[in-house]
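Colleague:
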Amino acid sequence: MTQYKEVDVANARPISLYDVSSKPAISVVGLGYVGAVSTACLSSLGHRVIGVDIDQSKVEDIAAGRSPIHEKDLGRLLTEGVEKGLISATDDLAYAVRNTDATFVSVGTPTAADGGCDYRFIEAAAKSMGVGLRQKKGFHVFVMRCSIPPGTTMKVMTPILEKTSGKRLGEDFGVAFNPEFLREGVAVDDFYAPPKTVIGATCDRTGNILRQICLPVDAEPIMTTIENAEMVKYVDNVWHATKVCFGNEVGRLAKAFGIDSHAVMDIFVQDTKLNLSPYYLKPGFAYGGSCLPKEVRAVAHLAEEAGVSLPMIANLSASNRAQIDEAVDMAVATGARTVGVLGLAFKPGTDDLRESPILEVIAELRDRGIKVVAHDPAITKETAIESQLGYVKYASPGLAALATELRGMLVETGKTVSDMADTLIVTQKNDTYAQIVRDAAETKAKPTIDVVRAFAECPSTDAYQGIGW
Ligand SMILES: NC(=O)c1ccc[n+]([C@@H]2O[C@H](COP(=O)([O-])OP(=O)(O)OC[C@H]3O[C@@H](n4cnc5c(N)ncnc54)[C@H](O)[C@@H]3O)[C@@H](O)[C@H]2O)c1
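Using this note's numbering, you'd call the opening residue of the sequence shown number 26 and step up by one each time.
1. Is it the case that the CB of Lys-83 approaches a heavy atom of ligand 1 more closely than 6 angstroms?
2. Going by CA-CA distance only, name the one from Leu-367, Thr-125, Ile-173 and Arg-159 that's closest to Gly-141.
3. Examine the Cβ distances between the segment 270-286 and the segment 344-358 and report whether three or more of them are shorter than 8 angstroms.
4. How many angstroms separate the CA atom of Asn-455 from the CA atom of Pro-303?
5. Do the segment 120-127 and the segment 82-99 meet, that is, are 3 or more Cβ pairs less than 8 angstroms apart?
6. In the segment 52-124, which residue ranges form an unbroken alpha helix (DSSP H) of at least 4 residues, counting only runs that do not cross its ends?
7. May I ask you to check if the CB of Leu-103 is nearer than 6 angstroms to at least one heavy atom of ligand 1?
8. Taking its Cβ as the centre, do 16 or more other Cβ atoms sit within 10 Å of Pro-422, making it buried, or is it exposed?
9. From the DSSP output, which residues share a beta bridge with Met-169?
10. Using a Cβ-based criterion (distance less than 6 angstroms to any ligand heavy atom), does Asp-143 qualify as near ligand 1?
11. Expressed to the nearest angstrom, what Euclidean distance is found between the alpha-carbon atoms of Met-290 and Glu-96?
12. Does DSSP put Ala-323 in a helix, in a strand, or in coil?
13. Return the chain-ordered ranges of every beta strand (DSSP E) run that is complete within the segment 369-456 and spans a minimum of 3 residues.
14. Taking 7 angstroms as the cut-off, decide whether the C-beta atoms of Val-476 and Ile-461 are in contact.
15. Flag Phe-146 as yes when its Cβ comes closer than 6 angstroms to any non-hydrogen atom of ligand 1, and as no otherwise.
16. Under 8 angstroms, with one C-beta from each stretch per pair, do the segment 159-174 and the segment 226-241 reach the 3-pair mark?
17. Is the closest heavy atom of ligand 1 to the C-beta of Ser-131 under 6 angstroms?
18. Does the Cβ-Cβ distance between Ala-119 and Ser-153 come in under 7 angstroms?
19. Whole angstroms is fine: what's the gap from Ala-403's alpha carbon to Gly-394's?
20. Nearest-angstrom Cα distance between Tyr-43 and Cys-239?
21. According to DSSP, is Val-333 helix, strand or coil?
22. From Gln-160 to Val-130, what distance separates their C-alpha atoms?
23. Answer yes if the segment 189-200 comes into contact with the segment 78-90, meaning at least three C-beta pairs across the two stretches below 8 angstroms, and no otherwise.
24. Out of Pro-220, Val-74 and Glu-389, which has the shortest C-alpha to C-alpha gap to Gly-110?
25. How would you write the range of the alpha helix (DSSP H) that Val-213 sits in, first residue to last?
26. Which word fits His-72, buried or exposed, when buried means at least 16 other C-beta atoms lie within 10 angstroms of its C-beta?
27. Any heavy atom of ligand 1 closer than 6 angstroms to the Cβ of Leu-56?
28. Which whole-angstrom value describes the C-beta separation of Lys-471 and Arg-432, a residue pair presumed to lie in contact below a C-beta threshold of 8 angstroms?
29. What residues are listed by DSSP as bridge partners for Gly-365?
30. If contacts are defined as beta-carbon pairs under 8 angstroms, then Ile-112 and Ser-47 qualify, I think. What distance do you get, rounded to the angstrom?
31. Output the distance between the C-alpha atoms of Lys-258 and Glu-196, rounded to the nearest integer angstrom.
32. Please determine whether the Cβ atom of Cys-171 lies at a distance below 6 angstroms from any heavy atom of ligand 1.
33. Give a yes or no on whether 7 angstroms exceeds the smallest Cβ distance from Val-451 to chain C.
34. According to the neighbour-count rule (16 or more other Cβ atoms, all chains shown, within 10 Å of its Cβ), is Glu-108 buried or exposed?
35. Nearest-angstrom Cα distance between Gly-155 and Arg-230?
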């Protein structure tokens, strides 16, 4: 075990933003793939780093400047860090906390027996960190870097720190979440050029200390809440997995038709307006219209006929249906006898009703004996509704009935819808509807269900509910 002389932290100079001569000393807990890379790279930026692990062989490797894992450039950086006297390692976590300004937590978070997250390593580390904090006089920052369910940093780690140390969050220590986005194999390169830097912190002081540490690799980190930062890490990885499965399903389907999947996807990825872009990615209502539902069904059918298993594509319709069912459940839960619908077409700027998902909601509500009144800026009593709804002859009886009954539900204005209904559902974003919904929710406390995120700033009343926010 390599140890430094104990630092008199109470009398040490305070950490100040942008003062490069006082780079915070950092302890890194867990010297696996993430922690070993952090230890090496943070030392290369001039930080004194104490690596900590319960695995003695990893402690010995790091202390000797050897990489405990196979990772490009890691061994060289560790050797340099040890030679410069910046890297040491220990199995004594309390000691490491006492002798550093910030602690990065990168212990393992394996899958628990029930499929959730196993917190045991975090809990054990938090207890030892709390002991170190109790023995320390100055302010300390704890930076959680593990991939964990939202809420873990504040509900699992922080209470243990407070309880074990007897010290107070915000006064004696700060807590942050700073997810790690490195990819194994190119982890060192990713450290110096991260895809993004996300910092969630309990206070400005803590956020600024972390900002300063990240400054050499990212001058513009994304500052957010701890819970948002925790969730982003999970969402990122699920998205990456989704992309892998999507590409692989395209591959299996293309092969069955003798088509080169790489040629197809080379074209696909060149579309950065609709394919590889933020478009279609914000939570909102179910997809609909004349193309997406039809073509998803067509591709699923093609695959079935060709004997190709495409579980992800085949289940898109079920996922879409879950969003429609959610809207129905939310409306029914309000106890409304009359539901008012603002927006019928599947998106604004069109009078196309084909496979508009709100029609499924209306059909379901009417099946349950709930009256519906509706308005759409592009649909009047003269719009040829019946011819557009020809497709519903293959659908549920409730939906088929809409072909003749929808016209009777139409009223002249959105305001009339609001006046007649006990509950509103808004499916399109425009200023008029937003005002009606805000007025209904805030002034009249009328239940309003927003499936489209009609607001930049949503009404702050219990009467307003978003479908995914
Ligand atoms: N591997 C990756 O590419 C990657 C990328 C981003 C995020 N993450 C996340 O980062 C975290 C760490 O991942 P990893 O791959 O480095 O894990 P790992 O299993 O390689 O390393 C974890 C280390 O923590 C040590 N440890 C456990 N309890 C300890 C304690 N109480 N005190 C000190 N050390 C302790 C273990 O001995 C082990 O060496 C996980 O939450 C993981 O999901 C991993």
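We treat Cβ as the ideally placed atom computed from N, Cα and C, and that holds for glycine.
Modeller: To lay it out plainly:
1. Because some heavy atom of ligand 1 lies under 6 angstroms away, the Cβ of Lys-83 counts as near it: yes.
2. Nearest of Leu-367, Thr-125, Ile-173 and Arg-159 to Gly-141, Cα basis: Ile-173.
3. The segment 270-286 makes no contact with the segment 344-358, as fewer than three CB pairs between them are under 8 angstroms.
4. Each residue's alpha carbon lies about 21 angstroms from the other.
5. No: the two stretches stay apart, fewer than three of their Cβ pairs being nearer than 8 angstroms.
6. The segment 52-124 contains these whole alpha helix (DSSP H) runs: 58-69, 81-88, 99-108 and 118-123.
7. Incorrect: Leu-103 has no Cβ contact closer than 6 angstroms to ligand 1.
8. When all chains shown are included, Pro-422 counts as exposed.
9. Met-169 pairs with Val-130 and Phe-202.
10. Flag unset: Cβ of Asp-143 not near ligand 1.
11. Going by C-alpha positions, Met-290 is about 30 angstroms away from Glu-96.
12. If DSSP states are grouped into helix, strand and coil, Ala-323 belongs with the helices.
13. Entirely contained in the segment 369-456, the beta strand (DSSP E) runs reaching 3 residues are, in chain order, 396-400 and 448-451.
14. The Cβ-Cβ distance between Val-476 and Ile-461 does not fall below 7 angstroms.
15. Indeed, a heavy atom of ligand 1 lies less than 6 angstroms from the Cβ.
16. The segment 159-174, when compared against the segment 226-241, does touch it at the 8 angstroms Cβ threshold.
17. Yes, Cβ of Ser-131 sits closer than 6 angstroms to a heavy atom of ligand 1.
18. Between Ala-119 and Ser-153, the C-beta spacing is below 7 angstroms.
19. Note on geometry: alpha-carbon atoms of Ala-403 and Gly-394 lie some 27 angstroms from one another.
20. In this prediction, Tyr-43 has a pLDDT of 36, which is less than 50 and means its spatial position is unreliable; what the coordinates show is noted afterwards. If you take the alpha carbons of Tyr-43 and Cys-239, they lie about 11 angstroms apart.
21. In the three-state scheme derived from DSSP, where H, G and I count as helix and E and B as strand, Val-333 is classed as coil.
22. Answer to the nearest angstrom: the Cα atoms are 19 angstroms apart.
23. As far as the Cβ criterion goes, the segment 78-90 does not touch the segment 189-200, which means the pair count is below three.
24. Nearest C-alpha to Gly-110: Val-74.
25. Run containing Val-213: 212-217, per the alpha helix (DSSP H) assignment.
26. By the neighbour-count rule (16 or more Cβ atoms within 10 Å), His-72 is buried.
27. Because some heavy atom of ligand 1 lies under 6 angstroms away, the Cβ of Leu-56 counts as near it: yes.
28. Actually they are not in contact, since the Cβ atoms of Lys-471 and Arg-432 sit about 25 angstroms apart, beyond 8 angstroms.
29. Its beta-bridge partners are Val-398 and Leu-449.
30. Not really, about 19 angstroms apart at Cβ, beyond 8 angstroms.
31. Rounded to whole angstroms, Lys-258 to Glu-196 spans 28 angstroms at the Cα level.
32. For Cys-171, the shortest C-beta to heavy atom distance toward ligand 1 is below 6 angstroms.
33. The structure shown contains no chain C; it holds only a single protein chain.
34. Looking at its Cβ environment, which holds fewer than 16 other Cβ atoms inside 10 Å, Glu-108 is exposed.
35. In this structure, the alpha-carbon of Gly-155 lies about 20 angstroms from that of Arg-230.
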